[in-house]
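What follows is a set of notes on a single structure, which appears directly below.
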Amino acid sequence: MTLSTRPRSASFVDALVDALGESRVVEDRAKIGRYLRDFSWYSPILESALADTTVTAVAKPDSLEALRETVAIAARNRVPLTMRGAGTGNYGQSLPLEDGLVVDVKGVAGVLDVSEGRIAVLPGTTLKAAEEAARQTGQELAVMPSTYRVATASGFICGGSGGIGASAHGDLWSGNVLAVELLTVTDAPEPVRLEGDQVNAVLHTYGTIGVITRVELRLVPRHEYTASFVTFGDFADACAFGWDLVDSAVHTRLASVQQAPIGGMFTPLAELVGDTGHVVLVWSDVEDDAALDELVARHRGTRASWPDGAPHITQFPYSHTILWSRRADPSSSWLQCEYAADDRGRFLDQVAALTERFPGVFLQHVEINKSRDGGVRCMGIPPLMGLPDHAGALDELIAFCTGIGVVVLNPHSYVVEEGGFVGDVAETLALKERCDPLGILNPGKLGASFFAARRSVSDAGDLDLRSPEQLDDPDGAGAQR
């Protein structure tokens, strides 16, 4: 891929300095580089493709009015702009493909309102701040990313999909985003409000549609939780337990199934789990302990409390698992996939088929969640170990998954459609035309092609193995996330 480096007039930078102040416009090349990193290095393909990304400046507005003026300046000067959040994107969502402007929204933060079943926040508000505000009213977020300590609200809905709480309440598309307000990217930006199903056109679209100014998220009654892990000698038992747990009356915020030797890669758990133990990470309501223990015994598991002094349990599931596996083996890669939903037997058959076909290579890590109709849905985020030819091996893995009905959600592309989370994009494209008529908002990420036309690339070189939390301000880059 060749990134566009069309010359940019310095006039737009001068206008930004006049509007925001010199301290809120970054022009130093070394400092700009800190805003051009995310977790796309999980993929050797993306790491290579996005290695030379660059921009002329970074804007750091600290209010809605400053954000609006930033958007207007970019539009009037026809400068491509890419929105950036806290640094937890995995697919290059916020790494610009054209020279222009990155806009860091973390300064536009704050909780606007908390009411029964709803919280309204500014785009740069962390999910941690939203969760704390909700819990003060006897409520909690229905779903939040595992990186909630640093992830921004707008980045979560633009670059995420689900996370903590999905085992009880489903993903973003399950009615957990109640409303979104955004600005059009025009010379005189106009407000647009989306409610209900209208918000689906914005979800997981990498900040390509409009500039988010307000996010309203669903709240549910507050619970008190306990963290534990359950070990199994047989992976089929672990998967059956995870499914039955989410399908039971036990209230959970997390049910994360990890095939051996992943548990041994979790350094704080390594001595407790070892390389041969299959483990399920569980974050559950303390009042459901007895029912949980009964379920564990029925599936021949052994439950233990989360170890004192270990990082919080949310630092291990979802894409955090890939961070741990890459620390253990920097040459490893990953996939995302979806097993059969609402069909326990078929799910277990798919698990068995993958174990038999790719032992020690396709390490199954399955997040067990509620499906959008209230059933059970299984999201796979497997570490891939020892691939001799990364690009070629991916093709083989994807073909096998497709053959057994496992849908691949490809994390090796920066294009929305190729990622697989967004189905029919007609509504999304129509909204983009309305909100971004100039086509300058994160260009190349929607309505394009990358993975299908890629060439084989060499494995990744030096890696930055810090956590998303360690990459926070100003050293990370995420798609408003």
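Residues 259 to 739 (the working numbering) are what the sequence shown spells out, left to right.
Cβ atoms here follow ideal geometry from the backbone N, Cα and C, with glycine treated the same way.
This structure is a prediction, so every number in the text was calculated from the model and none was measured.
Distance between beta carbons of L308 and L353, contact taken as under 8 angstroms: 5 angstroms
Span of the beta strand (DSSP E), counted from its first residue to its last, around L370: 369-373
At least 3 beta-carbon pairs within less than 8 angstroms: the region 502-515 vs the region 529-548: yes
C-alpha distance - D276 paired with F270, whole-angstrom precision: 10 angstroms
Start-to-end residues for the alpha helix (DSSP H) that takes in I580: 578-586
Under the three-state DSSP convention, the category I626 falls into: strand
Three-way DSSP call (helix, strand, coil) for P641 in this model: strand
First and last residue of the uninterrupted alpha helix (DSSP H) at V435: Here V435 belongs to no alpha helix (DSSP H); instead the beta strand (DSSP E) covers 435-441.
Segment contact, 8 angstroms Cβ cut-off, at least three pairs: the region 392-401 with the region 564-573: no
Rounded C-alpha distance that separates V665 from D607: 15 angstroms
Own chain partners of T444 with C-beta closer than 6 angstroms, once the 5 adjacent residues on each side are dropped: A333
Spatially closest choice to A424 from L512, L477, L278, V366, by CA coordinates: L512
Reduced DSSP secondary structure (H/G/I, E/B, other) of N668: coil
Any non-hydrogen atom of the ligand SAH within 7 angstroms of A344 CB: Of ligands this structure carries none, so the ligand SAH is not represented either.
Cβ shell of L399 (< 7 angstroms), same chain only, five flanking positions each side left out: L385, A388, E389, A392, G423, L475, L477
Span separating the alpha-carbon of L274 from that of G618: 52 angstroms
Secondary structure, beta strand (DSSP E): runs of 3+ residues fully inside the region 297-359: 315-317, 339-342
CA nearest to the CA of A649, picked from S306, D551, R292, R604: S306
Cα-Cα separation, C636 to D601: 10 angstroms
Own chain partners of V316 with C-beta closer than 7 angstroms, once the 5 adjacent residues on each side are dropped: V284, I290, Y293, V360, D362
For D310 and E356, the rounded distance between their alpha carbons: 10 angstroms
Residue environment, E676, which counts as buried when at least 16 other CB atoms sit within 10 Å: buried
Continuous alpha helix (DSSP H) stretch holding T613: start and end: 602-615
Residue burial classification, G702 (beta-carbon count within 10 angstroms, cutoff 16): buried
Unbroken alpha helix (DSSP H) run spanning F493, endpoints: 493-504
Exposure of S373, with buried meaning 16 or more beta-carbon neighbours within 10 Å: exposed
With 16 other Cβ atoms within 10 Å as the buried cut-off, status of G465: buried
First through last residue of the alpha helix (DSSP H) which encompasses F658: 648-661
Cβ shell of W582 (< 8 angstroms), same chain only, five flanking positions each side left out: I520, M523, F524, T525, F574
Residue closest to G535, alpha-carbon to alpha-carbon, out of D495, L553, A409: D495
Three CB pairs or more closer than 8 angstroms across the region 679-692 and the region 456-463: yes
8 angstroms Cβ cutoff, R635 in contact with chain C: Here there is only one protein chain, and chain C is not present.
DSSP beta-bridge partners of V283: A317
Burial state of G375, where buried means 16 or more other Cβ atoms lie within 10 Å: exposed
Inter-residue spacing [alpha-carbon to alpha-carbon] between R692 and E448: 11 angstroms
Spatial neighbours of S432 in its chain, beta-carbon cut-off 6 angstroms, leaving aside the 5 residues before and after: R630
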